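Below is one structure; the comments refer to it alone.
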Amino acid sequence: DHNSLPGEPLLAHPDPSSPHSIVRRIPMEGDIAQLGQFIGAGLAAIGSGAAAIGVGHVAGNFLAGALRNPSAAAGQTATLFIGIAFAEALGIFSFLVALLLMFAV
1 DHNSLPGEPL LAHPDPSSPH SIVRRIPMEG DIAQLGQFIG AGLAAIGSGA
51 AAIGVGHVAG NFLAGALRNP SAAAGQTATL FIGIAFAEAL GIFSFLVALL
101 LMFAV
């Protein structure tokens, strides 16, 4: 049968705690804490993508406003760079948290 291991008899014991059970026991490899680190780092890395979306949103809104009123665009350039800097700072912070979760915890 395809469910049994080579050289292993197929015994129909429904109790998984039985030593003759057909349920295969796969040993768990790795560490649950390391799994948590990887999941947390992956979730924190989502912030880097969110920062890219934020920068695109800031720049897109600036362009939309500059096209509506070109004479006021020069006065808003500093605000554009401040908005981009804040969005990138949050992205760098989330990347730092991901690195800390991967290597320091």
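With the numbering used here, the residue at position 29 of the sequence shown is 29, and numbering never jumps.
For every residue, glycine included, the Cβ atom is placed at its ideal position computed from N, Cα and C.
Small disclaimer: the values here were computed from a predicted structure and weren't measured.
query, result
"Mark A87 as exposed unless 16 or more other C-beta atoms lie within 10 angstroms of its C-beta, in which case mark it buried.", "buried"
"Quick one: give me the first and last residue of the alpha helix (DSSP H) that Q37 is part of.", "32-68"
"How close, in whole Å, do the beta carbons of S62 and L80 come, if the pair is a contact with beta carbons under 8 Å?", "Per the sequence presented here, residue 62 reads as Phe, with Ser not at that position. Confirmed, about 5 Å."
"For V105, I'd like the list of residues in its chain whose CB is within less than 7 Å of its CB, leaving aside the five on either flank, ordered along the chain.", "Q37"
"Once you ignore the five residues that flank I92 on each side, which residues in its own chain have a CB closer than 7 Å to its CB?", "none"
"So is G47 buried or exposed if we call it buried at 16+ other beta carbons inside 10 Å?", "buried"
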